[in-house]
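According to the working numbering, numbering within the sequence shown proceeds without interruption in unit steps and concludes at 593.
All residues carry an ideal CB built from backbone N, CA and C; glycine is no exception.
It should be emphasised that the depicted structure is a prediction, and the values quoted were computed from it without experimental measurement.
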Amino acid sequence: MARGILYGIAVSSGISIGKAFFMDRSRQSAAHDIIQPGAAESEVARLDEAAAQVASDLDRARAQVPADLRDHAAIIDSHRMICRDPKLMGDAARRIREQNISAPWALEQAVDAIAQAFRAIDDPYIRERVQDVRAVAERILSRLAGNARELKSTGERMVLLAHDLTPADTIELQVSRIMSFATAEGGKTSHTGILARSLQIPAVVGVSGLEEATADGDLVIIDALRGRILIDPDEHELAEYTELKYQFESYQRSIRRQSTLPAETLDGYRIEVQSNIELLEEVPQVLDSGADGVGLYRTEYAFLARRQPPSEQDLCDEYSQVAALMSPRQVVFRTLDVGADKMLREQVRMEEPNPALGLRAIRFCLRHQDVFRTQLRAILRASVHGNVALLFPMISGIQELRQARHILQEVRQELDAEGIPHAPDMPVGIMVELPSAVLIADALAHEVDFFSIGTNDLIQYSLGIDRGNRHVSYLYQPLHPAIVRSIKLVVDSAHRAGISVSVCGEVASDPFCLPILMGMQIDSISIAPQAVPGIKHIIRKTNMEECKTLTRDVLNATTVSTINRMVKETIYNRFPEELTFFSSMLDTDD
4 MARGILYGIA
14 VSSGISIGKA
24 FFMDRSRQSA
34 AHDIIQPGAA
44 ESEVARLDEA
54 AAQVASDLDR
64 ARAQVPADLR
74 DHAAIIDSHR
84 MICRDPKLMG
94 DAARRIREQN
104 ISAPWALEQA
114 VDAIAQAFRA
124 IDDPYIRERV
134 QDVRAVAERI
144 LSRLAGNARE
154 LKSTGERMVL
164 LAHDLTPADT
174 IELQVSRIMS
184 FATAEGGKTS
194 HTGILARSLQ
204 IPAVVGVSGL
214 EEATADGDLV
224 IIDALRGRIL
234 IDPDEHELAE
244 YTELKYQFES
254 YQRSIRRQST
264 LPAETLDGYR
274 IEVQSNIELL
284 EEVPQVLDSG
294 ADGVGLYRTE
304 YAFLARRQPP
314 SEQDLCDEYS
324 QVAALMSPRQ
334 VVFRTLDVGA
344 DKMLREQVRM
354 EEPNPALGLR
364 AIRFCLRHQD
374 VFRTQLRAIL
384 RASVHGNVAL
394 LFPMISGIQE
404 LRQARHILQE
414 VRQELDAEGI
424 PHAPDMPVGI
434 MVELPSAVLI
444 ADALAHEVDF
454 FSIGTNDLIQ
464 YSLGIDRGNR
474 HVSYLYQPLH
484 PAIVRSIKLV
494 VDSAHRAGIS
504 VSVCGEVASD
514 PFCLPILMGM
524 QIDSISIAPQ
534 AVPGIKHIIR
544 KTNMEECKTL
554 TRDVLNATTV
564 STINRMVKET
574 IYNRFPEELT
584 FFSSMLDTDD
């Protein structure tokens with residue numbers, strides 16, 4: 004039996020067996036010193052000099068980025084920006100002057116203040132950006148201590164363990180020698196996870212006790228299917244995991260070989276399989292996955308990652324690059340969906356008592372039309388690539404939709420008057436995620452070009468539960484009869500009006516729910532890029548007539564337990580091999 008088993012979050016599927024190399028075991032501790040009166044300005048200058056040196060280090064790392072990792076250079080750019088971020092560096096300087104404390108202590112306090120603010124954000128992607136701030140602060144603390152971070156080189160391929168890991172760290176250490184990652188910090192959407200998925204190597208993050216339980220040279224098994232790390236495994240465990248590794252890699256090779264084939268059932272029904280993303284850097288992963296397009300581009304990051312709103316040109320550049328890289332595949336840009344767990348500075352000042360039911364998504368955009376119009380202009384300008392569609396989130400009724408479309412029309416006319424090119428026939432759709440939209444789907448379908456069903460919010464609003472609330476999260480049931488019938492109502496309304504319908508929530512990448520969606524004859528699904536090959540594989544092994552029969556039975560059922568039993572019997576009988584490897588690939592973000 005292994006000397007120890009640690010648990011974390013699997014962020015990139017696979018099995019890895021090898022010797023551990025622990026990077027940067029000793030974290031920098033900030034010196035908690037009171038400085039001499041009158042020494043504040045020299046201490047601030049010392050802090051600025053350390054930050055400038057780190058920026059230079061990152062410049063050198065960026066210049067060394069291998070060609071196949073160029074898309075991650077933007078992450079290094081974001082770390083260079085943190086070196087100059089006024090909220091971090093300005094706050095640290097203020098603390099030096101006001102409290103007469105050393106630069107390391109002031110920097111540590113400034114990072115803690117940012118971490119405290121981020122802790123209140125529910126959105127996992129935004130919340131985990133605090134790890135980028137911590138990573139940059141670690142580098143600056145090293146410089147303040149007089150130690151440039153010298154990373155050891157090794158001639159062997161290794162299992163890389165670290166407290167945290169940045170793309171710059173990885174590149175400095177030569178990615179070709181890294182078999183897998185495991186870190187004490189991080190989550191599903193950390194940059195470590197994004198990088199690992201891009202490199203297609205196993206990774207487990209957020210591992211409790213990693214630094215205490217492991218040492219350089221330990222033989223370890225990284226089980227990134229179940230989120231486990233085995234330290235010093237015995238012969239039986241080595242044999243078991245060697246076989247599992249072989250089976251998983253054979254399965255991956257098999258489904259990836261076929262990932263560019265159409266997602267067509269055995270009896271000839273075709274479904275578009277697209278991807279959900281929120282960063283330009285994720286586009287190569289979408290293309291590699293075999294996805295048919297981007298079914299949901301979340302546009303919030305450009306607004307939430309800055310102190311000032313992005314300019315029209317900033318947004319146009321981002322959207323145009325995504326559209327150009329994906330061309331001729333379609334890209335659906337969802338307009339700003341902030342509120343509830345994603346707050347702009349204006350919303351934080353509002354402090355709504357119940358933001359989930361407050362001024363969010365399209366409601367925020369209609370109230371703050373300057374922000375909305377800027378984004379619409381940018382999306383329209385990007386539409387010249389010919390493959391762009393626009394999606395309004397959280398539409399509750401006809402009047403709200405018409406108001407949004409009226410503003411879109413005014414923006415079109417402004418661009419025409421200014422002689423700025425744009426696509427005159429860009430498709431416009433809505434997210435169906437409120438019970439009110441479900442009940443009037445027949446009327447809404449005549450006002451738009453397509454529907455996209457946001458199942459995560461639809462389930463929460465329909466069942467009246469917050470899945471992040473541990474007291475009621477057990478009620479989050481995608482196969483609740485009310486949810487299944489709601490989706491069927493929306494699909495039928497869309498098809499009667501002659502428009503397409505997509506599903507873009509977790510339900511779409513859940514192999515237990517997929518046959519029911521197929522039985523309703525949805526036109527497309529949009530899921531995490533890493534789930535695309537597996538889902539396309541399952542679709543190609545599915546018979547549509549069987550799905551229709553299962554869906555008819557499910558629609559007649561009145562309890563969740565009955566539906567779950569019918570679905571599990573079907574799935575376990577049809578896809579026993581796929582379910583062995585599928586759990587860690589599910590989209591858990593939107």
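Could you work out which residue in the options is closest to residue i when comparing CA atoms only?
{"i": "VAL114", "options": "ALA64, ASP62, LEU517 and ARG137", "result": "ARG137"}
{"i": "ARG363", "options": "MET397, PRO532, VAL335 and MET429", "result": "MET397"}
{"i": "SER512", "options": "HIS498, ILE538 and GLY501", "result": "ILE538"}
{"i": "ILE274", "options": "ARG256, ALA294 and ILE8", "result": "ALA294"}
{"i": "ASP452", "options": "GLY467, HIS498, THR458 and PRO484", "result": "HIS498"}
{"i": "MET642", "options": "ILE365, ASP419, LEU9 and ARG405", "result": "Nothing can be reported for residue 642, as the shown portion of the chain is limited to 4 through 593."}
{"i": "ARG380", "options": "ALA34, ASP419 and PHE121", "result": "ASP419"}
{"i": "LYS551", "options": "ILE519, MET569 and SER527", "result": "ILE519"}
{"i": "PHE367", "options": "GLU303, GLU450 and VAL289", "result": "GLU303"}
{"i": "ASP469", "options": "ALA359, GLN406, PRO514 and HIS449", "result": "ALA359"}
{"i": "ALA392", "options": "VAL414, GLN372, GLN333 and ALA440", "result": "GLN333"}
{"i": "TYR272", "options": "ASN279, VAL374 and GLU549", "result": "GLU549"}
Would you mind reading off the limits of the beta strand (DSSP E) that contains residue i?
{"i": "GLU275", "result": "275 to 280"}
{"i": "ARG231", "result": "231 to 234"}
{"i": "VAL335", "result": "333 to 337"}
{"i": "MET182", "result": "181 to 186"}
{"i": "LEU222", "result": "222 to 226"}
{"i": "TYR10", "result": "7 to 10"}
{"i": "ILE528", "result": "527 to 530"}
{"i": "LEU144", "result": "That residue, LEU144, is in no beta strand (DSSP E); its alpha helix (DSSP H) goes 133 to 147."}
The ligand NAP and residue i: does the residue's C-beta get closer than 7 Å to at least one heavy atom of that ligand?
{"i": "VAL14", "result": "Among the components modelled here there is no ligand, and therefore nothing to report on the ligand NAP."}
Can you have a look at residue i and say buried or exposed, based on whether 16 or more other CB atoms are within 10 angstroms of its CB?
{"i": "GLU215", "result": "exposed"}
{"i": "HIS409", "result": "exposed"}
{"i": "VAL3", "result": "Because the chain in this structure spans residues 4 to 593, residue 3 falls outside the shown range and cannot be described."}
{"i": "LEU154", "result": "Here LEU154 scores only 49 on pLDDT, less than 50, and its place in the model should not be relied on; the value that follows carries that caveat. Counting Cβ neighbours within 10 Å, LEU154 comes out exposed, since fewer than 16 surround it."}
{"i": "TYR464", "result": "buried"}
{"i": "GLN416", "result": "exposed"}
{"i": "PRO532", "result": "buried"}
{"i": "VAL475", "result": "exposed"}
{"i": "LYS491", "result": "buried"}
{"i": "TYR575", "result": "exposed"}
{"i": "PRO579", "result": "exposed"}
{"i": "ALA120", "result": "exposed"}
{"i": "PRO107", "result": "buried"}
{"i": "GLN412", "result": "exposed"}
Report yes if the C-beta distance between residue i and residue j is below 8 Å; otherwise report no.
{"i": "ARG301", "j": "ASP237", "result": "no"}
{"i": "VAL207", "j": "ILE225", "result": "yes"}
{"i": "ILE181", "j": "ILE204", "result": "yes"}
{"i": "ALA13", "j": "GLY361", "result": "no"}
{"i": "LEU228", "j": "ILE78", "result": "no"}
{"i": "SER15", "j": "GLY209", "result": "no"}
{"i": "LEU558", "j": "VAL494", "result": "no"}
{"i": "PHE251", "j": "THR338", "result": "no"}
{"i": "ARG185", "j": "GLY11", "result": "Correcting the residue identity first, residue 185 is Ala in this sequence and not Arg. Cβ atoms of ALA185 and GLY11: closer than 8 Å."}
{"i": "SER505", "j": "SER529", "result": "yes"}
{"i": "VAL162", "j": "VAL57", "result": "no"}
{"i": "ILE401", "j": "LEU328", "result": "no"}
{"i": "SER647", "j": "ASP36", "result": "Outside the displayed range of the chain (4 to 593) lies residue 647, so it cannot be described from this structure."}
{"i": "ALA116", "j": "LEU50", "result": "no"}
{"i": "ARG160", "j": "GLY21", "result": "yes"}
In the DSSP assignment, find the alpha helix (DSSP H) that holds residue i and state where it starts and stops.
{"i": "ALA407", "result": "401 to 421"}
{"i": "VAL286", "result": "286 to 292"}
{"i": "PHE367", "result": "365 to 370"}
{"i": "MET523", "result": "Premise fails: MET523 is in no alpha helix (DSSP H) and is neither H nor E."}
{"i": "VAL563", "result": "563 to 577"}
{"i": "LEU318", "result": "315 to 329"}
{"i": "ARG543", "result": "535 to 543"}
{"i": "ARG488", "result": "484 to 499"}
{"i": "LEU393", "result": "Counting along the chain, LEU393 falls outside any alpha helix (DSSP H), though it belongs to the beta strand (DSSP E) covering 391 to 395."}
Quiz item: Are three or more beta carbon pairs between the segment 79 to 89 and the segment 97 to 109 nearer than 8 Å?
Solution: no
Exercise. Could you tell me whether the segment 541 to 557 touches the segment 265 to 284, where touching means 3 or more Cβ pairs closer than 8 Å?
Key: yes
Practice problem: Spell out a yes or no on whether the segment 5 to 12 and the segment 516 to 533 are touching, meaning 3 or more CB-CB pairs, one atom from each, closer than 8 Å. | Solution: no
Quiz item: Do the segment 500 to 507 and the segment 474 to 488 make contact, defined as three or more Cβ pairs closer than 8 Å?
Solution: no
Exercise. Please determine if the segment 424 to 432 and the segment 369 to 388 are in contact, where contact requires at least 3 C-beta pairs separated by less than 8 Å.
Key: yes
Quiz item: Looking at C-beta atoms only, is the number of pairs between the segment 254 to 263 and the segment 49 to 63 that lie closer than 8 Å three or more?
Solution: no
Quiz item: Do the segment 548 to 564 and the segment 310 to 319 meet, that is, are 3 or more Cβ pairs less than 8 Å apart?
Solution: no
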